[in-house]
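Numbering (full-length UniProt numbering), first residue to last: 1 to 240.
Right, here's the structure in full:
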């Protein structure tokens, strides 16, 4: 059998599946983007039945000049490292799991429909962007949103794994409690690394909290950090 070059579109889909192979990885990447935006509050909403994830933050938002780069691979808001220092940077980033590869939105747009609402400044009108297959297929001003729409970004991921029936079936047939517990673990881990941020994760099916962690400012007080860790265990199992 002859060896053939895989078409570009299929290469992008295959790469995205391995970059974001699970629900919790999708949540982790979107949280990382929120952290990089300078957010102090991050809210995650999940609907397992419709394969939907939403992550909102109150960070700096995305400026109109940066919108055309959304969904393209290797685009990042982070300061880019010196290529000669990349091995060292990569090792250090393993200790700080925030997005810096420029892969998250690009990969998401190949396995789901991505709807992004953002506002960069309090006086800016904001924008709504729809991403698919690494491209912006729609961009508009949020005309229905008033001037009080907060600064920040909301990423809504619809119809996850719609192009990969086997993976989507695995997601839909997995135990909801197991999936939500994995998401909870990701949120808890990110909260430990960034204790000055407030995290909330909500199960859209019953509007119950998966986990809710307020910000902790007094990092030097052992009792405060201990209290934050203890909060991880105080979760209503019925919400899962």
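Note that the Cβ used here is the ideal one computed from N, Cα and C, for glycine as well.
Check	Outcome
By DSSP's criteria, residue 158 is part of a beta bridge. Which residues make up the other side?	113
Counting along the chain, where does the alpha helix (DSSP H) carrying residue 28 start and finish?	23-36
Under the criterion of a Cβ to heavy atom distance below 7 Å, does residue 198 qualify as lining the ligand PLP?	Among the components of this structure there are no ligands whatsoever, and the ligand PLP is therefore not found.
Inspect the beta-carbon positions of residue 111 and residue 154 and report whether they are closer than 8 Å.	no
Tell me residue 210's beta-bridge partners as DSSP assigns them.	In the DSSP output, where bridge partners are listed per residue, residue 210 has none listed.
Mapping the DSSP letters down to three states, classify residue 56 as helix, strand or coil.	strand
Going straight from the alpha carbon of residue 121 to that of residue 60, what length do you get?	7 Å
Over what stretch of residues does the alpha helix (DSSP H) that includes residue 189 continue unbroken?	176-193
Just to confirm the assignment, what range does the alpha helix (DSSP H) spanning residue 171 have?	165-173
Could you give the C-beta distance for residue 151 and residue 62, rounded to a whole number, given that I count them as a contact under 8 Å?	At roughly 11 Å, the Cβ-Cβ gap does not stay under 8 Å, so residue 151 and residue 62 are not in contact.
Could you give the residue range of the beta strand (DSSP E) that holds residue 47?	41-47
Are the Cβ atoms of residue 205 and residue 36 separated by less than 8 Å?	no
Express the C-alpha separation of residue 53 and residue 93 in angstroms, rounding to a whole number.	Residue confidence is low: residue 93 scores 45 on pLDDT, short of 50, so the model does not pin down where it sits. No coordinate-derived value is stated.
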